[in-house]
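Accompanying notes for the structure given below.
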Amino acid sequence: MANQVLVGLQWGDEGKGKIIDVLAEEADVVVRFQGGNNAGHTVEVGDEKFVLHLIPSGILHEGSLCVIGNGVVVNPLALYDEITELEKRGFDVCPRLQLSTRSQLVFSYHCLIDGLFERKLGDNKIGTTKRGIGPAYADKVNRVGIRGSDLKHPQRLEQRFRAQAEFYNRIFRDAGEESVDTDSEWDKVKAVAEKLAPLVEDTVLTLHRAAARGDTILFEGAQGTWLDVDFGTYPYVTSSNTTVGGACVGGGIPPNRIDHVLGVAKAYTTRVGRGPFPTELDDADGKLLRDTGSEYGATTGRPRRCGWFDAVATRYAAMLNGVNEIAVTKLDVLDAFDTIKICTAYNIDGQRVTDMPSDTDDIERAVPVYEECPGWGAKTTGVRSYNQLPQATQNYLARLKELLQSDIGIVSVGPERTQTFRA
Ligand code: IMP
């Protein structure tokens, strides 16, 4: 496979980390192109579990170069901690990691203001991860952001950091809030800047040179389509483009360098944070999905909201991203159900709707129309090929394929690398 973009087709947490890990084995370069340490990609290798927030999952494969692209907002302290943790576990990270000169940096004042905005929103809060993601992107478009390249210039970095910290501290003081201790924060930033500076590169050149050599590049999307700042359930979204175009803008590669788009969808649906979620279940089935699927946020530990597969939202997401194929993850979580439901349409004010509305208020009022499928009454976690899946499971996947109007190319029945196979 040449250059491939992997995107989430739901509200994030589709199990992308696991699929990326499997695909990374064949990739020469793995690239993060948006988001920041709001993401948490969980990968299990043997008895070991890794949760990666900023570093591409490719780092777990010795052969691949990992790139944090210009579209990412990077908390340097968090990045440094993640590198240190991986080094402690035996990975030689720095020689295989590059950070874009054009990436934007996230500091503690972004995290504090993220929390302040949320408190001010009261009942209308977004439910952010409080990792400062929105405020850091706001600084970027306000043209006051501090970039990866600043890490290489300590004096410039200090001057910019202090100016921004002072700007935010005025806001905090006016609001009667805790402010940032600029001196002690600067000491921390300065220390990690020295360590990170050697990783900072013009990663556009890295990627274009790799492509020219014929290297395989994997673009690793974070979050999911319905959290995209343009296409998601606005304002209950993250602040970046989580959809396929984000790979071009946030990686610095043209669309004609993308050969393949893989969409990842869980066999049911989850969402963390607030916002519409038509198939959400507040009953025993929802609890069973959460408990069986261990649906707790990898970054914040928050319990995820759970519900049935939403073919309306996922078909739209597949269309929007131009997916060539879909990976269906956590299929085994449905093993526990006698009957499985799929949402095939919404009822909105008495109208049957089969395309995801673009108006979030309409999605809030959507009542799911379900189709029922029989459960398969068997454990699928031991299955290692499509043909070994029970017939009812194959029928469920065939129905998803039909509803999504996309091929299902990969199926996953557990967290282990060996539990993923071609469909
Ligand atoms: P933010 O990205 O921290 O600003 O949060 C905005 C919204 O995106 C909130 O609803 C978060 O719960 C959600 N979100 C951010 N990152 C992730 C993720 O990696 N998985 C799932 N939801 C996420």
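The sequence shown runs 127 to 549 under my numbering.
By construction, the Cβ of each residue, glycine as well, lies at the ideal position given by its N, Cα and C atoms.
Where residue i sits in the DSSP three-state scheme
| i | result |
| --- | --- |
| residue 236 | helix |
| residue 493 | strand |
| residue 167 | strand |
| residue 341 | coil |
| residue 195 | coil |
| residue 392 | strand |
| residue 351 | helix |
| residue 541 | coil |
| residue 330 | helix |
| residue 576 | With the chain covering 127 to 549 only, the question about residue 576 has no answer from this structure. |
| residue 500 | strand |
| residue 245 | helix |
| residue 259 | helix |
| residue 455 | strand |
| residue 549 | coil |
| residue 383 | helix |
| residue 71 | Outside the shown range of the chain (127 to 549) lies residue 71, about which nothing can therefore be said. |
| residue 335 | helix |
| residue 536 | strand |
Local Cβ density within 10 Å of residue i, reported as buried at 16 or more and exposed below that
| i | result |
| --- | --- |
| residue 189 | exposed |
| residue 228 | buried |
| residue 158 | buried |
| residue 539 | buried |
| residue 226 | buried |
| residue 403 | buried |
| residue 533 | exposed |
| residue 292 | exposed |
| residue 477 | exposed |
| residue 546 | buried |
| residue 167 | buried |
| residue 310 | exposed |
| residue 268 | exposed |
| residue 421 | buried |
| residue 144 | buried |
Span of the beta strand (DSSP E), counted from its first residue to its last, around residue i
| i | result |
| --- | --- |
| residue 179 | That residue, residue 179, is in no beta strand (DSSP E); it is neither H nor E in DSSP. |
| residue 132 | 130-134 |
| residue 521 | Element bounds for residue 521: not the beta strand (DSSP E) but the alpha helix (DSSP H), 517-530. |
| residue 467 | 465-474 |
Opening and closing residue of the alpha helix (DSSP H) in which residue i lies
| i | result |
| --- | --- |
| residue 410 | 410-418 |
| residue 287 | 280-300 |
| residue 433 | Taken as a continuous stretch (DSSP letters only), residue 433 belongs to no alpha helix (DSSP H), being part of the beta strand (DSSP E) at 431-433. |
| residue 220 | Where residue 220 is concerned, there is no enclosing alpha helix (DSSP H), given that its DSSP letter is neither H nor E. |
| residue 512 | Element bounds for residue 512: n/a, residue is neither H nor E. |
| residue 447 | 437-447 |
| residue 146 | 142-150 |
| residue 308 | 308-322 |
| residue 479 | Note, residue 479: premise wrong, no alpha helix (DSSP H); beta strand (DSSP E) at 477-479. |
| residue 206 | 202-214 |
| residue 373 | 371-377 |
Test item: CB-CB of residue i and residue j under 8 Å
| i | j | result |
| --- | --- | --- |
| residue 352 | residue 424 | no |
| residue 233 | residue 315 | yes |
| residue 135 | residue 344 | no |
| residue 193 | residue 155 | yes |
| residue 272 | residue 223 | no |
| residue 205 | residue 322 | yes |
| residue 376 | residue 197 | yes |
| residue 387 | residue 448 | yes |
| residue 384 | residue 131 | yes |
| residue 440 | residue 139 | no |
| residue 543 | residue 218 | no |
| residue 529 | residue 455 | no |
| residue 347 | residue 133 | yes |
| residue 468 | residue 501 | no |
| residue 260 | residue 231 | no |
| residue 474 | residue 362 | no |
| residue 237 | residue 266 | no |
| residue 129 | residue 338 | no |
| residue 437 | residue 390 | no |
| residue 394 | residue 459 | yes |
| residue 472 | residue 495 | yes |
| residue 151 | residue 242 | no |
| residue 162 | residue 319 | no |
| residue 401 | residue 369 | no |
Residue i: CB within 7 Å of a non-hydrogen atom of the ligand PLP
| i | result |
| --- | --- |
| residue 359 | Absent from the structure shown: the ligand PLP. Ligands present: the ligand IMP. |
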